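J.: The following block contains the structure, expressed as structure tokens.
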Amino acid sequence: MASKRKKTGFDKFFDEQMRDAKFREGYEKIRNEIDMVDALVRALDAARVDAGVSKAALARQISAEPAAVRRLFTAERANPTLATFAKLADTLGYEVQLARKAPTPRSAAKKKATKQGGGKRRSASKADADEAVAS
């Protein structure tokens, strides 16, 4: 049976910070961004492996240093630029697309509050923007 590791001072501090709603919301937002980038990089690496292309060969095809591409696919927290990601995807026969995520119960409630004037900011709709451009 594996023993549970003892909490460090940082673990205790982090747990305390996570009790604060504002901190937790910020942390979860950043954590989500990191997870999305990581998932994209892992999917791109899987596409590379499926295509039978080595990291060095892929680097040569986009005129990049092989070590840079190797680090991209092996780093624990890779954070490529969109331009680099798009070049790699294109070279492997893929394209980068933007897709709307499914609304969560929290985001749906936030959107409803904004429409009812309860939000902090009001986003202009496309119709409002078109009307402003036309005038």
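The numbering of the sequence shown is this note's numbering, which starts it at 1060 and goes up by one.
Note that the Cβ used here is the ideal one computed from N, Cα and C, for glycine as well.
Since we're looking at a predicted model, the values are computed, not measured.
By how many angstroms is the C-alpha of V1100 removed from the C-alpha of D1074?
T.: Distance between the alpha carbons of D1074 and V1100: 29 angstroms.
J.: Grouping DSSP H, G and I as helix and E and B as strand, with all else coil, what is A1186?
T.: Confidence at A1186 is low in this model, with a pLDDT of 49, below 50, so the placement of that residue should be treated as unreliable; the coordinate-derived value is given next. The answer is helix: DSSP assigns A1186 an H, G or I state.
J.: At which residues does the alpha helix (DSSP H) containing D1074 begin and terminate?
T.: Unbroken alpha helix (DSSP H) run through D1074: 1068 to 1077.
J.: Exposed or buried, what is R1107 when buried is set at 16 or more other beta-carbons lying within 10 Å of its beta-carbon?
T.: Buried, because 16 or more other Cβ atoms sit within 10 Å of the Cβ of R1107.
J.: Does the distance from the CB of A1137 to the CB of V1096 come in under 9 angstroms?
T.: Yes, Cβ-Cβ distance for A1137 and V1096 is below 9 angstroms.
J.: With DSSP collapsed to three states, give me the class of A1145.
T.: DSSP places A1145 in helix when its eight states are reduced to three.
J.: Tell me whether K1065 sits in a helix, a strand or coil according to DSSP, three-state version.
T.: DSSP places K1065 in coil when its eight states are reduced to three.
J.: What three-state label does DSSP hand V1023 in the structure shown?
T.: Only positions 1060 to 1194 of the chain appear in this structure, which leaves residue 1023 out of reach.
J.: For A1191, does the three-state DSSP call read helix, strand or coil?
T.: Since pLDDT at A1191 reaches only 43, below the 50 mark, its modelled position is unreliable, and the value read off the structure follows with that caveat. In this structure, A1191 counts as helix in the three-state DSSP scheme.
J.: Indicate the three-state DSSP secondary structure (helix, strand or coil) for P1125 in the structure shown.
T.: The answer is helix: DSSP assigns P1125 an H, G or I state.
J.: In the DSSP assignment, find the unbroken alpha helix (DSSP H) run with N1002 in it and report its ends.
T.: Because the chain in this structure spans residues 1060 to 1194, residue 1002 falls outside the shown range and cannot be described.
J.: Less than 9 angstroms between the beta carbons of L1117 and F1144, yes or no?
T.: In this structure, F1144 does not lie closer than 9 angstroms to L1117 by Cβ.
J.: In or out: A1186 buried (at least 16 other Cβ within 10 Å) or exposed?
T.: Confidence at A1186 is low in this model, with a pLDDT of 49, below 50, so the placement of that residue should be treated as unreliable; the coordinate-derived value is given next. By the 10 Å Cβ count, A1186 comes out exposed.
J.: If you draw a straight line from the C-alpha of E1087 to the C-alpha of D1094, how long is it?
T.: Taking the straight line from one Cα to the other gives about 10 angstroms.
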